[in-house]
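Student:
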Amino acid sequence: MKIAFFDTKPYDKQSFEKYATDDLKFKFFETKLNVDTAELARGCEVVCIFVNDTADADVIDKLYEFGVKVLALRCAGYNNVDVKHAFQKIHVVHVPAYSPYAVAEHTMAMLLTSIRRIHKAYIRTRDFNFSLSGLTGFDLYGKTVGVIGTGKIGRVFMDICHGFGMKILAYDKYPAVDAPCEHVELDRLFSESDIISMHCPLTTETYHIIDQKSIEKMKKGVVILNTSRGALIDAEALLDGIKSRKIGAACLDVYEEESDIFFEDFSGHIVDDDTLARLISMPNVIVTSHQAFLTNEALGNIAETTINNIKEITSQGCSGNELCYHCGKTENCKAKRIGKCF
Ligand code: NAI
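So for the sequence shown, our numbering puts the first residue at 634; every next one is plus one.
Dropping the structure here:
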């Protein structure tokens with residue numbers, strides 16, 4: 634069996650290569666999967682993709698024509714796959730959880746970096762500038778954090794915030810019963826939170842959940858954290874909120890238009906995306922390039938689960954991590970059929 638990996642980096646190869654055998658051969662491509670590059674998968678039974686690859690209807694049709702049987706996402710989010718179109722053509726599996734701790738800890742790392750000005754202090758002291766002017770931060774203890782999405786990552790993030798002595802307000806379409814938070818409606822979360830952190834998936838319902846209208850409802854000086862998906866936030870509205878001083882700081886691990894930019898080295902080049910360039914130029918914005926998942930533990934779990942998913946589908950015709958066409962869920966999917974809704 635041959636697996637074509639798209640959008641691969643050295644750390645991907647390192648974590649997957651140990652699973653290669655004479656019967657399981659890997660082809661690693663640096664390019665992202667899209668309608669023009671799908672051709673590279675010809676002759677492979679499995680295609681493995683990441684967050685910024687595109688598996689829309691056109692791509693799925695091409696892969697199906699080439700005989701691809703499994704589309705294995707080596708990530709949790711699947712907003713880049715037309716699951717409905719893949720129904721009865723290609724099995725789609727994902728990695729529902731690889732380390733919620735990696736993402737939640739990165740979120741807190743960004744928050745602390747931002748509010749304690751660590752990014753500025755680091756640059757100053759490297760230049761032997763030991764001045765403290767402009768580095769005043771604020772305590773997290775006693776502050777209110779609003780968490781949107783209280784699933785695996787949101788839950789770990791709430792536990793971390795709880796440890797800091799913060800008050801936690803949460804909004805989730807399906808509220809968790811035992812979480813250390815008060816479940817509230819979005820409007821209250823927006824108006825009472827000092828910090829707002831996004832941990833829900835990107836869906837038609839959550840697209841631009843942070844926009845001009847929601848920003849208007851927020852406290853002046855609010856800190857916005859997004860380690861989930863870029864399009865949860867209207868980047869133009871965020872920029873306006875920062876320019877008007879309504880938003881005190883933003884920490885972004887994801888960006889609406891990241892797919893052609895993140896994971897690549899553009900130093901020495903001119904980036905055409907004016908909104909991203911303007912955001913990065915702001916002293917109170919920190920951007921990391923979809924890095925929150927990147928720990929040794931998460932990479933190991935991703936490789937292990939992806940290979941198991943592929944083996945399950947190819948040997949048994951179904952996998953517990955197959956995406957359900959009807960409800961878009963894997964866990965708690967009520968479908969009794971073998972192969973989920975396939
Ligand atoms: P999860 O599925 O465990 O939790 C998502 C939560 O969002 C669930 O509790 C669900 O009920 C809730 N939700 C669904 N629709 C909602 C809505 N309309 N409004 C409010 N809440 C809603 O997922 P997990 O593992 O916690 O991941 C969350 C997100 O984090 C993923 O969807 C993915 O986009 C992102 N992610 C980012 C990574 C990074 O490296 N930056 C790595 C892994 C995931």
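Glycine included, every Cβ here is placed at the ideal spot set by N, Cα and C.
Quickly, what does DSSP pair HIS739 with across the bridge? List them, please.
Tutor: The partner list for HIS739 (beta bridge, DSSP) is empty, contrary to what the question assumes.
Student: If I'm right that LYS642 touches LYS658 with Cβ under 8 Å, what's the distance once you round it to whole angstroms?
Tutor: Actually they are not in contact, since the Cβ atoms of LYS642 and LYS658 sit about 20 Å apart, beyond 8 Å.
Student: Threshold first: 4 residues or longer. Then list the alpha helix (DSSP H) segments lying entirely within the region 834-916, N to C.
Tutor: 845-850, 868-876, 907-914
Student: Look up MET831 in the DSSP assignment and give the residues it is bridged to.
Tutor: ILE781, ASN859
Student: DSSP state of LYS695, grouped into three classes?
Tutor: helix
Student: Is any heavy atom in the ligand NAI found nearer than 7 Å to the beta carbon of TYR807?
Tutor: yes
Student: Just to confirm my understanding: we take PHE661, look at its own chain, exclude 5 residues before and 5 after, and list those with CB closer than 6 Å. What are they?
Tutor: PHE638, THR641, LYS646
Student: Mapping the DSSP letters down to three states, classify GLU672 as helix, strand or coil.
Tutor: helix
Student: In chain order, which beta strand (DSSP E) runs of at least 3 residues are fully inside the region 703-770?
Tutor: 703-706, 724-726
Student: Need the endpoints of the alpha helix (DSSP H) that ALA936 sits in, please.
Tutor: 929-949 is the extent of the alpha helix (DSSP H) around ALA936.
Student: When you measure from the CB of ILE781 to every non-hydrogen atom of the ligand NAI, does any distance come out below 7 Å?
Tutor: yes
Student: Please report how far the alpha carbon of TYR774 lies from the alpha carbon of ASN941, in whole angstroms.
Tutor: Each residue's alpha carbon lies about 42 Å from the other.
Student: What's the gap between the Cα of CYS951 and the Cα of HIS959?
Tutor: 16 Å
Student: Once the 5 residues before and after GLY770 are set aside, which same chain residues still bring their CB inside 8 Å of it?
Tutor: ILE748, ARG749, ARG750
Student: Just checking GLY798 against the ligand NAI - is the residue's beta carbon closer than 7 Å to any of the ligand's heavy atoms?
Tutor: GLY798: no, Cβ never under 7 Å from the ligand NAI.
Student: Since ILE682 and LEU704 should fall inside the 8 Å C-beta cutoff, what is the C-beta to C-beta distance between them, to a whole number of angstroms?
Tutor: 7 Å
Student: If you follow the alpha helix (DSSP H) that TYR644 is in, where does it begin and where does it stop?
Tutor: 643-649
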